[in-house]
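Accompanying notes for the structure given below.
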Amino acid sequence: MRPEPILLVEDNADDIMFTIRAFRKNQVPNEIIVASDGVQALSMLLPEDGEPALSPILVLLDVKLPLVDGLEVLRRLRADPRTRTMPVVVMTTSNEERDIVESYRLGANSFVRKPVGFAEFEDAAKTLSQYWLRLNEPAPSWRGGG
Amino acid sequence: MSETPQASADRLAEAVRPLRRVGLEQLMALIDRTSAVIYMRDVEGRYMLVNRQYERLFGVTRDSILGLTDHDLFPPEIADEFRANDLAAIATGTPVRLEEIAPGDDGPHTYITVKFSLTDADGEAYAIAGISTDITERKRAEDEVLRLNAELERRVRERTAELEASTQELDAFAYSVSHDLRAPLRSLEGFSQILLEDHAGQLDEDGQGYLRRIRANATRMAQLIDDLLDLSRATRADLRRVRADVTQIAEEEIAELQQASPDRKADISIAPGLVVDGDPNLIRIVVQNLLTNAWKFTGRAEHPRITVDEPEPGVLRFADNGAGFDMRYQDKLFDPFQRLHTSSEFEGTGIGLAIVHRIMRRHGGRVWAHGEPGQGATFWVSFADGVRSGDGR
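Just so you know, the sequences run in chain order A and B. For the first sequence, full-length UniProt numbering gives the first residue as 1, with consecutive numbering after it. For the second sequence, full-length UniProt numbering gives the first residue as 1, with consecutive numbering after it.
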């Protein structure tokens with residue numbers, strides 16, 4: 001069976017490349033789908049007109065995004081019964097308290113600050129994949145596989 | 001001891017004698033020389049008597065005014081009010097005290113007036129007497145004070161709004177810095193690392209060395225940005241004044257430092273019961289920075305010693321016997337990113353004491369230091385509202 005995909009919501013092309021590279025290096029077999037702005041992410045996860053929805057095993061969500069920012073994406077995901085229990089890890093450059101507070105208030109499962117050091121970045125990707133793809137038991141109402 | 005009846009009678013006679021000599025003329029002189037306005041009207045409001053001050057102020061003579069009423073002298077609404085006040089004084093039968101406004105040469109004047117009725121043998125009121133004192137000057141001074149207060153409040157509101165705007169701007173700036181300035185550094189760092197991992201064969205030893213230096217600098221710049229944000233946070237954070245237990249904070253911070261380098265041995269002495277009125281989160285940052293410095297700069301001391309105590313009320317002292325510093329450079333100590341040691345001697349970006357300085361200033365307090373190279377450093381922080389000791393832990 002093909003493993004469920006990971007959705008990476010990220011607008012920075014370099015960060016997209018680093019993230020994919022770090023996951024590959026850690027032998028993460030899951031497909032990594034990229035949405036480069038908030039609107040695109042929402043149209044994949046909460047499509048209108050009966051389109052099939054993407055059901056990733058994990059969403060890595062940046063905060064600062066074009067069009068619709070990450071926190072707004074999170075708010076809409078949590079407001080919709082289809083994605084209320086979907087695992088979302090906010091992964092961003094800042095460690096501004098308000099981003100952290102707001103992320104958790106809106107129902108993020110975790111908040112990770114992207115390290116500047118590449119070795120630390122790879123470590124973070126490794127830990128994330130081990131935890132969210134293997135160890136974590138998702139809510140019964142959330143079944144990936146889209 | 002009681003007086004004899006004769007002595008008592010003599011004393012009374014003595015007291016009354018001057019009164020007997022006071023005649024109408026003297027009484028008129030008395031009411032004419034006061035600065036108050038004095039007048040008497042009958043129950044119908046017709047003037048019976050006015051004093052000189054009344055004549056001067058309203059440009060009348062006491063002969064011409066006899067038999068006239070206020071309605072002959074003042075605009076109707078003012079006359080109506082005077083008349084109503086007269087009637088009120090008659091009705092209550094006791095003196096009434098009130099504020100009246102009458103026209104004057106330079107605009108309306110305000111008076112404090114006492115009015116009382118005069119009664120005949122049957123207790124029937126036959127006249128109203130009034131004594132009015134001009135309080136216009138006092139009133140104007142009061143109005144001026146009110147106006148100045150309002151002006152002051154307006155300025156405070158303006159300044160507060162300006163401050164809030166600049167804090168918001170700083171906030172937005174810092175937010176943008178924390179999001180946007182680190183991302184390019186991650187790219188610098190990441191691609192340098194990828195070059196080293198995937199293309200090392202195409203780079204000689206020098207080339208690889210340069211890449212490592214790019215990486216080290218990117219990492220250092222990220223640290224500087226974080227430090228700058230910490231400094232800005234110390235400025236922007238809401239200050240909540242409660243009771244902060246410095247002894248406990250210091251013990252926790254030392255425990256953390258000890259845990260991070262378990263091999264280090266140091267003689268630590270933290271006085272019990274150190275409590276200040278301040279923001280516990282910000283006070284923790286102060287204690288953390290001072291103790292981290294003390295810990296760092298005693299790293300090469302033979303018998304490292306760090307003490308925290310309260311040498312005098314309101315002052316906390318953090319002393320160590322570490323590397324110290326040259327007092328010639330003490331004015332640079334609290335400037336952001338100023339360092340008195342090279343990176344190879346002791347690591348750091350030079351932001352810690354700048355943060356301490358800012359936090360103490362926000363508490364209305366201050367920080368100062370004494371040092372000597374090789375002999376250690378001592379830092380004092382003082383709180384405007386003092387250190388509360390005793391009820392400590």
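Note that CB positions come from ideal geometry on N, CA and C, so glycine has one too.
Using alpha carbons as the reference points, say which of B:Asn281, B:Asp279, B:Asp277 and B:Thr307 lies closest to Leu291 of chain B.
Closest in C-alpha terms to Leu291 of chain B, from the list B:Asn281, B:Asp279, B:Asp277 and B:Thr307, comes B:Thr307.
Check each candidate in B:Gln208, B:Val315 and B:Arg62 and name the one with the smallest Cα separation from Leu196 of chain B.
B:Gln208
Assigned secondary structure, Thr332 of chain B (DSSP; H/G/I helix, E/B strand, else coil):
It should be noted that the sequence gives Lys, not Thr, for residue 332 of chain B. It is helical.
May I ask you to report which of helix, strand or coil DSSP gives Leu274 of chain B?
Coil, per DSSP.
Three-way DSSP call (helix, strand, coil) for Asp320 of chain B in this model:
strand
Mind checking which residues open and close the alpha helix (DSSP H) that includes Ser43 of chain A?
Gly38 to Leu45
Assuming Pro280 of chain B and Ala244 of chain B form a contact by the criterion Cβ under 8 Å, report the distance between their Cβ atoms to the nearest whole angstrom.
4 Å
Would you identify the three-state DSSP class for Asp391 of chain B, choosing helix, strand or coil?
With a pLDDT of 38 at Asp391 of chain B, under the threshold of 50, the predicted position of this residue should be treated as unreliable, though the coordinate-derived value follows. Asp391 of chain B falls in the coil class under three-state DSSP.
Using CA atoms only, rank isn't needed, just tell me which of B:Arg155, B:Leu211, B:Ile359 and B:Leu98 is closest to Ile194 of chain B.
B:Leu211
State the Cα-Cα distance for the pair Thr298 of chain B and Glu31 of chain A, rounded to the nearest angstrom.
52 Å
Please tell me whether residue 153 of chain A has its Cβ less than 8 Å away from any Cβ of chain B.
The requested residue 153 of chain A is not part of the displayed model; chain A covers only 1 to 146.
Below 7 Å between beta carbons is the criterion; list the residues of the stretch 215-226 of chain B that meet it against any residue of chain A, in chain order.
Ala218, Thr219 and Ala222
Chain A contact for Leu185 of chain B (CB, 8 Å cutoff):
yes
With burial defined as no fewer than 16 other Cβ atoms inside 10 Å of the residue's Cβ, what is the status of Ser269 of chain B: buried or exposed?
exposed
Of the residues A:Pro56, A:Leu65, A:Ile100 and A:Val68, the one placed nearest Arg84 of chain A, counting alpha carbons only
A:Pro56
Helix, strand or coil for Gly70 of chain A per DSSP?
helix
Taking the alpha carbon of Ser166 of chain B as the point to measure from, which residue in B:Gln202, B:Leu228 and B:Ser232 has its own alpha carbon closest?
B:Ser232
So, is the C-beta of Arg339 of chain B closer than 8 Å to a C-beta in chain A?
no
Straight-line Cα distance separating Leu152 of chain B from Met221 of chain B
45 Å
Burial state of Glu205 of chain B (16 or more Cβ within 10 Å)
Burial is judged here by how many other beta carbons sit within 10 angstroms of a residue's own beta carbon; Glu205 of chain B has fewer than 16 and is exposed.
Leaving out five residues before and five after Gly392 of chain B in sequence, what residues of the same chain have Cβ atoms less than 8 Å from its Cβ?
Note on Gly392 of chain B: pLDDT 34, under 50, position unreliable in the model; the coordinate value appears next. Taken in chain order, the residues that qualify are Asp245, Thr247, Pro272, Gly273, Leu274 and Val275.
Which ranges would you report for the alpha helix (DSSP H) in the UniProt domain "Response regulatory" (5-129) of chain A if only whole runs of at least 4 residues count?
Counting only runs of at least 4 residues, the UniProt domain "Response regulatory" (5-129) of chain A fully encloses the following alpha helix (DSSP H) elements, listed from N- to C-terminal order: 13-25, 38-45, 70-79, 97-105 and 118-129.
In angstroms with no decimal places, state the Cα-to-Cα distance between Glu372 of chain B and Ala354 of chain B.
20 Å
Mapping the DSSP letters down to three states, classify Gly45 of chain B as helix, strand or coil.
coil
Please report the distance separating the alpha-carbon of Ala36 of chain B from that of Thr133 of chain B.
Cα to Cα, the separation comes out at about 5 Å.
With a cut-off of 8 Å on the beta carbons, I'd call Leu146 of chain B and Arg236 of chain B a contact; round off their distance for me.
36 Å between Cβ atoms; not a contact.
Could you tell me which chain B residues have their CB closer than 8 Å to the CB of Ser94 of chain A, listed as they occur along the chain?
Tyr175, Ser178, His179 and Arg182
Counting contacts by CB-CB distance shorter than 8 Å, is Phe111 of chain A in contact with chain B?
Not one chain B Cβ lies under 8 Å of Phe111 of chain A.
Counting only beta-carbon atoms, is Phe23 of chain A nearer than 8 Å to chain B?
no
For the stretch 64-76 of chain A, enumerate the residues whose C-beta is nearer than 8 Å to any C-beta of chain E, in chain order.
Note that chain E does not occur in the displayed structure, where the protein chains are A and B.
Quick one: what does DSSP say Ile38 of chain B is sitting in, helix, strand or coil?
strand
Just the C-alpha distance for Ala124 of chain A and Asp99 of chain A, rounded to the nearest angstrom, thanks.
In a straight line, the C-alpha of Ala124 of chain A is about 19 Å away from that of Asp99 of chain A.
Could you spell out where the alpha helix (DSSP H) holding Ile78 of chain B opens and where it closes?
Pro76 to Thr92
Run through the DSSP bridge pairs and tell me what Arg305 of chain B is partnered with.
B:Asp267
Using a Cβ-Cβ distance cut-off of 8 Å, determine whether Glu189 of chain B contacts chain A.
yes
Looking at the structure shown, is Gly144 of chain A part of a helix, part of a strand, or coil, going by DSSP?
Residue confidence for Gly144 of chain A is low, a pLDDT of 48 falling below 50, so the modelled location carries little weight; the figure read from the coordinates is stated next. In the three-state reduction of the DSSP assignment, Gly144 of chain A falls in the coil class, being assigned neither a helical nor a strand state.
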